[in-house]
Amino acid sequence: MEGLAASGLAEAMTNGGTPEPRGRLRSAGLLLATVAAGLQAGTYFIFGFGVMPGLALGDDRTFVAAMQQFNVSFMNPWFLGSFLAAPLLALVAVVLHLGTRSATLHWAVVGFLGAAATFVVTGVVHIPLNEAIDAAGPPDRISDLGAVRAAHEATWVSWNLVRVLTSTASLAALAYASLRCRPSTSSS
19 MEGLAASGLA EAMTNGGTPE PRGRLRSAGL LLATVAAGLQ AGTYFIFGFG VMPGLALGDD
79 RTFVAAMQQF NVSFMNPWFL GSFLAAPLLA LVAVVLHLGT RSATLHWAVV GFLGAAATFV
139 VTGVVHIPLN EAIDAAGPPD RISDLGAVRA AHEATWVSWN LVRVLTSTAS LAALAYASLR
199 CRPSTSSS
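Quick note: the numbering used here has the sequence shown finishing at residue 206, numbered continuously throughout.
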């Protein structure tokens, strides 16, 4: 019942009422935004603390080939959907709470800002780096794999840690907003 109390549903059940549609929509918006933020934070965390440290142990050819293959494999509806959904759903959560003057709105705004910052860092830093490593050509035809790696790795890794922080902050803020969200009730 503690989890129900956090969402306001226990109060609705106790009072014989049900959450109003707008309250349910606000809760659902926050839930979806939180899930999308979690998917993004998890992606960047795994890359930051698992994938990239593993690639750092490999040779230049392995690094360049792997990064080029990631650029191909990430162009799929599942990743692109979560990548675009994180800031969009966070914005929807903010819009749904406009006019409430609640702490939930403030935390939803923080969540949106974190998701938006993650999106911007990806567009400004990571996409150009990924395009540059692709433009270098197939690893078997690159004369200086070390130079290609050096032009990519340190910047990519450093800015990915920024994405870990911004996406995790977004997740935490949206999760906290979800816990604070209490749908208003009406009697049946």
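Using N, Cα and C, we set each Cβ at its ideal position, and we do this for glycine too. Since the structure is predicted, the reported quantities are computational estimates derived from the model, not experimental observations.
Own chain partners of A135 with C-beta closer than 7 Å, once the 5 adjacent residues on each side are dropped:
Within the same chain, T184 come within 7 Å of A135 by CB-CB distance, once the 5 residues on both sides are set aside.
Can you tell which of D152, I160 and R181 has the C-alpha that lies nearest to the C-alpha of N89?
Considering only alpha carbons, the answer is D152.
Counting C-beta neighbours from all protein chains within 10 Å, is the total for V138 16 or more, i.e. buried, or is it exposed?
The residue is exposed, with fewer than 16 neighbouring Cβ atoms inside 10 Å.
If you check the beta carbons only, do S188 and S45 fall under 9 Å apart?
Note that the C-beta distance between S188 and S45 is not below 9 Å.
Among V180, V142 and H170, which has the Cα closest to the Cα of A59?
Nearest of V180, V142 and H170 to A59, Cα basis: V180.
Backbone CA spacing between H124 and N178 [nearest angstrom]:
The alpha-carbon of H124 is positioned some 26 Å away from that of N178.
Would you mind listing the alpha helix (DSSP H) stretches within the segment 49-125 that are 4+ residues and don't spill past its ends, in chain order?
Taken in chain order, the whole alpha helix (DSSP H) runs of length 4 or more contained in the segment 49-125 are 70-74, 78-91 and 95-115.
Do you know offhand how far F63's Cα is from F130's?
Cα-Cα distance, rounded: 19 Å.
To the nearest angstrom, how far is the alpha carbon of R40 from that of L50?
The straight-line gap separating the alpha-carbon atoms of R40 and L50 is approximately 15 Å.
Return yes when at least one heavy atom of the ligand FAD lies under 8 Å from the C-beta of P105, else no.
Ligands are entirely absent from the displayed structure, and the ligand FAD is therefore not among its contents.
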